Amino acid sequence: MKPARIVQAIALALALAWSLAPVYWMLATSFKSELEAAQLDPTWWPHAATLDNYRGLAGGTLPFVTFFANTVITCLATAVVAVVIALPAAYALSRARFRLRGSVAYGILVSRMLPLVVLLAPLYLLLLHAHLLDSILGLVVGFATFGLPFAVWMLKTFIDAVPIEIEESARVDGYPRWQILLRIVVPLIVPGLLTTGAFVFMEAWNNLIFPLSFITTLDKQTLAAALVVTFTGQFKTDWGGMMAAATLTTLPLMFAFFAVQRSMARGLTSGAIAGA
Amino acid sequence: MARISLRNIEKRYDDVVAVADCSLEIADREFVVLVGPSGSGKTTLLRIIAGLEHVSAGDVLFDDVRVNDVDVGDRDIAMVFQNYGLYPHMTVYDNMAFGLRRRDLPRAAIDERVRRTAVLLAIEPLLARRPRQLSGGQRQRVALGRAIVRDPAVFLLDEPLSNLDAHLRVQMRAEILKVHRAVTATAVYVTHDQVEALTMGDRIVVMSGGRIQQVGTPGELYDRPANQFVASFIGTPAMGFLTCRLERSGGSLRLAGGGVHARLPAEPGLPIDVPDGGPVIIAIRPERLALSRGDERADADVVVQGSVEVVEMLGSEQYVHVRVPAGSVTARVPRDEPVRIDDRVTLTASARHLHVFDAETGASLAYPQMAPSA
Chain U
1 MKPARIVQAI ALALALAWSL APVYWMLATS FKSELEAAQL DPTWWPHAAT LDNYRGLAGG
61 TLPFVTFFAN TVITCLATAV VAVVIALPAA YALSRARFRL RGSVAYGILV SRMLPLVVLL
121 APLYLLLLHA HLLDSILGLV VGFATFGLPF AVWMLKTFID AVPIEIEESA RVDGYPRWQI
181 LLRIVVPLIV PGLLTTGAFV FMEAWNNLIF PLSFITTLDK QTLAAALVVT FTGQFKTDWG
241 GMMAAATLTT LPLMFAFFAV QRSMARGLTS GAIAGA
Chain F
277 MARISLRNIE KRYDDVVAVA DCSLEIADRE FVVLVGPSGS GKTTLLRIIA GLEHVSAGDV
337 LFDDVRVNDV DVGDRDIAMV FQNYGLYPHM TVYDNMAFGL RRRDLPRAAI DERVRRTAVL
397 LAIEPLLARR PRQLSGGQRQ RVALGRAIVR DPAVFLLDEP LSNLDAHLRV QMRAEILKVH
457 RAVTATAVYV THDQVEALTM GDRIVVMSGG RIQQVGTPGE LYDRPANQFV ASFIGTPAMG
517 FLTCRLERSG GSLRLAGGGV HARLPAEPGL PIDVPDGGPV IIAIRPERLA LSRGDERADA
577 DVVVQGSVEV VEMLGSEQYV HVRVPAGSVT ARVPRDEPVR IDDRVTLTAS ARHLHVFDAE
637 TGASLAYPQM APSA
């Protein structure tokens, strides 16, 4: 084997180890007993593997199923709302020709670059005045606010790839723009809609700071925030239980990712290929 | 019925002028071809007629009614795009019926029209298929069918054959002309292929640089090109152009220089406004040139002497490209004429077939001895 290939292989292995090590640790710890998970000298694999942590989630005092349901409902709703609102915006950015088009597009992009915490105070006040604090709906508004810029840009990429002649044919046939969007463009970008929705879903799923800030009732909490609030105590932390909950929290995301990964890759490159 | 009038049309994209001061009258049921190289403005002009582009200046009229502000869907036009523009997620049947459903026609009426058109274009077996299951030629027929089924007043076709292979292109040209005769609507056809233009158009509009260079029948454009551009663009192979000096002596004109000798009987009041000794550009259609070998100077009106640069064998004939100091010319000669590269040859022609152009502007200089158009 050539030296360059060996170096390449070592670098790849290190990168993989760096990325996968936390995942392995989470999985391994979820099968450790309370004692083994908390001991000072960590063990690389569970010496006495146990399912007690998972049993505790299913039948324990914590409403894990409620947290899971809250998260699924909130993230699904966020994905739908974000895609529905982003679609006409993305279509306008892709097809309409108006003076400030470039500025609007970059403004949307720039807003995406704002740290999440910058939106916290203004969103909190907004939700407070709208009586949406401590509610699933308020959380959806918060998640969608953050996810919209990305959804607009991603959908724009998919719409750019639709040949303009197809829409012009529909214009010649006498259809108005909104019907062209719904009857011609949307059916052609269904993979893009699903991919964008999946991205927004995953982002909302992992969001910790909004649920911690906007939800005060434990029963309305999402998984990410519940992991922090319920497994860390004043005197001890239930590492095994937390890692079991974290593993179950991660699984739906993994399934969602594998389901749409091909479309994701296409979505990330289609803009460049079409010259959009 | 639809007459189309374009009056002083201009289209700008920021600082770029795509179409400049174009005026054109298209009669009802006429088949007009817009032809020119890429970037000449022909597609932009077609899209302006369709309403897909707004004019920067000028007026578009259908039957003397100004339609500048009329939406594309309300202009009673049908368009066939270069890339067909078929709806990928619909069957052939739905592609053809889609435009009719917008008009709230009864289902039975839509079905009858779609099937009748499908029979006309021999695509009835394809009605249940989707565009990705069709060949290029089949997609082209479906695109045509989608236009025909709407029974419009005007057909607009934007290079519909450019994605087909040469053989299929020839076949589809005839199909389109047959269909046009059957539907009797006004048609405006865009192409960059001058052969397509010559074979299909009732009249041809030659465009270059966003401007109309000449409008005429195929015969007019071929025999009496208005300028050097039209002369070089129309005709296969293209005419070669030779630069020589104009000399007036004893009531006749002589053109000489760079391997060219031509004598032209002058008429009183000849409108060739070039000073004695000034440059002009001459050209002759390749089929009007007779070829003889060697340096002999034949007793002909026009004699061009040079050496053979390239010989193209086309089966039934040859194109012989001859380099002379004044430029280069091409002659069409029989295939059994023994010509080789680097042969010294003499090309002769009658003065009746000589085209003369202004060396500065490229405009055709009227010459009364030129043959009238066929």
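Top to bottom, those sequences are chains U and F. Numbering-wise (the working numbering), the first sequence opens with residue 1 and increments by one. Numbering-wise (the working numbering), the second sequence opens with residue 277 and increments by one. Quick reminder that beta carbons are idealized off the backbone N, C-alpha and C, glycines included. Keep in mind the model is a prediction, meaning the values are calculated, not measured.
Contact check, residue i vs residue j, beta carbons under 8 Å
i	j	result
VAL579 of chain F	ASP619 of chain F	no
ALA198 of chain U	VAL260 of chain U	yes
VAL482 of chain F	VAL308 of chain F	no
VAL152 of chain U	ILE108 of chain U	yes
ASN207 of chain U	ALA224 of chain U	yes
LEU93 of chain U	ARG101 of chain U	yes
ALA627 of chain F	ALA532 of chain F	no
ILE617 of chain F	VAL430 of chain F	no
LEU114 of chain U	ALA244 of chain U	no
LEU565 of chain F	VAL605 of chain F	yes
LEU529 of chain F	ILE557 of chain F	no
ILE184 of chain U	ILE166 of chain U	yes
ILE510 of chain F	LEU497 of chain F	yes
ILE325 of chain F	VAL336 of chain F	yes
LEU181 of chain U	TYR91 of chain U	yes
GLU400 of chain F	ALA394 of chain F	yes
ALA49 of chain U	PHE31 of chain U	yes
GLY516 of chain F	ASP173 of chain U	no
VAL190 of chain U	ALA144 of chain U	no
GLY138 of chain U	PHE214 of chain U	yes
C-alpha gap between residue i and residue j, whole angstroms
i	j	result
THR157 of chain U	VAL84 of chain U	16 Å
TYR432 of chain F	GLY317 of chain F	Per the sequence shown, residue 432 of chain F should be read as Leu rather than Tyr. Each residue's alpha carbon lies about 15 Å from the other.
ASP370 of chain F	VAL343 of chain F	29 Å
VAL600 of chain F	THR467 of chain F	33 Å
VAL615 of chain F	VAL596 of chain F	8 Å
GLY495 of chain F	VAL311 of chain F	15 Å
HIS664 of chain F	GLU472 of chain F	Beyond the ends of chain F as shown, which are 277 and 650, falls residue 664 of chain F; an answer cannot be given.
PRO544 of chain F	ARG500 of chain F	Residue placement at PRO544 of chain F is flagged as unreliable, the pLDDT there being 46, under the threshold of 50; the coordinate-derived value follows with that caveat. Approximately 21 Å, taken between the alpha carbons.
ALA647 of chain F	GLN594 of chain F	With a pLDDT of only 43 at ALA647 of chain F, under 50, the local geometry of the prediction cannot be trusted, and the value read off the model is given with reservation. The alpha-carbon atoms of ALA647 of chain F and GLN594 of chain F are separated by roughly 25 Å.
ILE273 of chain U	THR320 of chain F	Per-residue confidence for ILE273 of chain U stands at a pLDDT of 30, beneath the threshold of 50, marking its modelled position as unreliable; the derived number appears in the next sentence. Answer to the nearest angstrom: the Cα atoms are 25 Å apart.
PHE150 of chain U	ALA89 of chain U	12 Å
PHE67 of chain U	GLU36 of chain U	27 Å
CYS75 of chain U	VAL425 of chain F	47 Å
PRO428 of chain F	THR367 of chain F	22 Å
THR624 of chain F	PRO541 of chain F	17 Å
ALA69 of chain U	LEU253 of chain U	14 Å
LEU51 of chain U	HIS131 of chain U	42 Å
LEU546 of chain F	LEU522 of chain F	Bear in mind that a pLDDT of 49 at LEU546 of chain F, under 50, signals an unreliable position, so the number given afterwards is only what the model happens to contain. Going by the C-alpha atoms only, they are around 13 Å apart.
ALA9 of chain U	SER438 of chain F	49 Å
ASN53 of chain U	GLY59 of chain U	10 Å
GLY485 of chain F	GLY477 of chain F	21 Å
LEU328 of chain F	ALA296 of chain F	18 Å
PRO42 of chain U	THR29 of chain U	10 Å
SER447 of chain F	ARG112 of chain U	Reading off the sequence shown, one finds Gln at residue 447 of chain F, where the question assumed Ser. Approximately 55 Å between the Cα atoms of the pair.
GLY527 of chain F	GLU588 of chain F	41 Å
ILE6 of chain U	VAL356 of chain F	57 Å
Minimum C-alpha distance to residue i - residue among the options
i	options	result
LEU396 of chain F	F:LEU623, F:LEU420 and F:LEU337	F:LEU420
GLU203 of chain U	U:GLN39, U:LEU40, U:THR78 and U:LEU12	U:THR78
LEU590 of chain F	F:GLY582, F:SER604, F:GLN581 and F:ARG608	F:ARG608
LEU251 of chain U	U:VAL23, U:ARG97, U:LYS2 and U:ARG177	U:VAL23
ALA520 of chain F	F:SER528, F:GLY534 and F:LEU529	The sequence given here has Cys at residue 520 of chain F, not Ala. Of the candidates F:SER528, F:GLY534 and F:LEU529, the one whose C-alpha sits nearest the C-alpha of CYS520 of chain F is F:GLY534.
PHE633 of chain F	F:SER604, F:VAL598, F:PRO555 and F:PRO562	F:PRO555
ILE209 of chain U	U:LEU116, U:TRP25, U:PRO42 and U:ARG95	U:LEU116
PRO551 of chain F	F:ALA635, F:GLY486, F:HIS631 and F:GLU613	F:ALA635
THR196 of chain U	U:PRO63, U:LYS2, U:LEU87 and U:SER19	U:LEU87
ASN359 of chain F	U:HIS47, U:PHE146, U:PRO163 and U:ILE136	U:PRO163
ARG391 of chain F	F:LEU403, F:ASP380, F:LEU381 and F:PRO382	F:LEU403
SER314 of chain F	F:ALA458, F:GLU435 and F:GLU563	F:GLU435
Any non-hydrogen atom of the ligand GTP closer than 7 Å to residue i Cβ
i	result
VAL81 of chain U	Within the structure as shown, the ligand GTP is missing, as the structure has no ligands at all.
Inside the region 326-352 of chain F only - alpha helix (DSSP H) runs reaching at least 4 residues
none
Taking a Cβ distance cut-off of 7 Å, strictly less, list which residues of the region 159-180 of chain U are near chain F, in chain order.
PRO163, GLU165, ILE166, GLU168, SER169, ARG171, VAL172, ASP173, GLY174 and TYR175
Report the start-end ranges of each alpha helix (DSSP H) in the region 146-183 of chain U that is 4 residues or longer and not cut off at the edges.
164-172 and 177-180
Unbroken alpha helix (DSSP H) runs of length 4 or more, entirely within the region 193-271 of chain U: which are they?
209-214 and 223-231
Which residues, in order along the region 351-365 of chain F, keep a beta-carbon less than 7 Å from a beta-carbon of chain U?
ILE353, ALA354, MET355, PHE357, ASN359, GLY361, TYR363, PRO364 and HIS365
Every unbroken beta strand (DSSP E) inside the region 346-390 of chain F [3 residues or more]
353-356
Listed in chain order, which residues of the region 182-193 of chain U have Cβ atoms closer than 7 Å to some Cβ of chain F?
ILE184, PRO187 and LEU188
Taking beta-carbon pairs under 8 Å, can you tell me which members of the region 365-379 of chain F lie near chain U?
HIS365, PHE374, GLY375, ARG378 and ARG379
Which parts of the region 389-426 of chain F are runs of the beta strand (DSSP E), unbroken and 3 residues or longer, counting only runs that do not cross its ends?
none
Listed in chain order, which residues of the region 388-416 of chain F have Cβ atoms closer than 8 Å to some Cβ of chain U?
none
List, from N- to C-terminal side, the alpha helix (DSSP H) runs of 4 residues or more that fit wholly inside the region 58-137 of chain U.
64-95, 101-112 and 116-129
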